[in-house]
Structure formats: structure tokens, C-alpha cells
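In the working numbering, the protein residues as written are 5 to 168.
Structure first, then comments.
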């Protein structure tokens with residue numbers, strides 16, 4: 005949502021006309037996938053210069069921290085709204101493709117080049133919960149960034165284990 009709002013600010017279009025994909029973790033290692041980001045039917049890279057795109061990406065990564073500093077607490081309305089959409093897809097068996105923090109292993113791990121970690125990926129949600137993973141085609145840079153994000157999660161888990 006923050007990613008879409010940042011783009012909207014730069015271009016002043018309806019948020020409904022923006023399709024954006026963010027993978028990985030939340031924060032500095034999140035991966036806004038520029039190759040899958042469109043305003044209408046046009047990829048963002050054809051609409052903005054390099055500097056503007058870098059600003060959108062940075063604002064997306066820092067957005068959660070900015071909200072916390074303004075509110076004095078973490079944002080809860082957007083995550084709550086996302087949970088409602090996810091539950092609706094499960095209860096009504098809608099088979100919506102939605103972003104979720106999911107365990108990566110097996111074929112999905114082979115596709116992305118990492119496993120045994122939870123990161124944000126698009127999944128199909130229906131009556132059985134996660135019914136399928138959307139194996140997103142990424143360019144080399146995006147794939148490296150997603151792998152870096154997954155490795156960051158693994159490092160944080162290892163640090164936490166040392167504290168126990």
C-alpha cells in the first residue's frame with residue numbers, strides 16, 4: 005500500500021490504476037519489484053526517471069518507520085484490512101492471489117534459490133488456505149534482492165537463537 009501511495013504522489017493517478025508487487029521482508033530489505041509495477045498498462049520504468057524511481061523505492065522501504073514515528077505506534081489498519089481480505093478469500097473460497105508471509109521450501113525454494121525461511125510472496129488463498137504459490141519471474145537484480153531479504157531473515161533467526 006505504501007508503495008502504491010508513493011507512486012500515486014509522483015503521478016497523481018487513482019490508486020486503483022496502480023499494480024505493484026513487493027516481496028521479501030518488511031523494511032530495509034523489502035523488494036519492490038519494478039518489473040511487475042504498472043500504472044495502467046505501462047511499466048513504471050517508462051513513466052519515471054531513475055531518480056524518481058529510487059525515491060519511490062526508498063520511501064516504500066522507510067514508510068513503516070515513518071508511520072511509527074508519526075503515530076507513536078505501529079500501523080494496524082492496513083495489516084488488519086489485509087487480514088480481512090485474506091480471510092474472505094479463504095472463507096468464500098475465492099482463490100485470490102495475495103501477498104503473505106509464507107514458508108519457502110521444495111519447488112518454491114528451488115525457483116527462488118533459497119529455502120527453510122518465511123518471506124512475503126504472492127500465494128493463492130482458498131478454502132484450504134495456501135492452495136498454490138505464484139512463481140513470479142524476476143530479473144537477476146530482483147532475484148538477488150529477494151535472496152538477500154531471505155538471508156536477512158535467516159540471520160535474524162540465528163541471532164535470536166543465540167539469545168535463548
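Where a beta carbon is used, it is the ideal one built from N, C-alpha and C, also for glycine.
Bear in mind that the values here come from a model prediction, so they are computed numbers and not experimental data.
- According to DSSP, residue 47 shares a beta bridge with 42.
- If you draw a straight line from the Cα of residue 118 to the Cα of residue 140, it is about 14 Å long.
- Spanning the alpha carbons of residue 96 and residue 105 requires a straight line of approximately 21 Å.
- Here DSSP, grouped into helix, strand and coil, assigns residue 160 to helix.
- Between the alpha carbons of residue 54 and residue 42 lies a gap of roughly 15 Å.
- Following the DSSP letters along the chain, one finds residue 128 inside the beta strand (DSSP E) bounded by residues 121 to 130.
- A contact between stretches requires three or more CB pairs, one per stretch, nearer than 8 Å, and the region 119 to 135 meets this requirement with the region 148 to 159.
- Look at residue 114 here: in three-state DSSP terms it is helix.
- Secondary structure of residue 87 (DSSP, three-state): helix.
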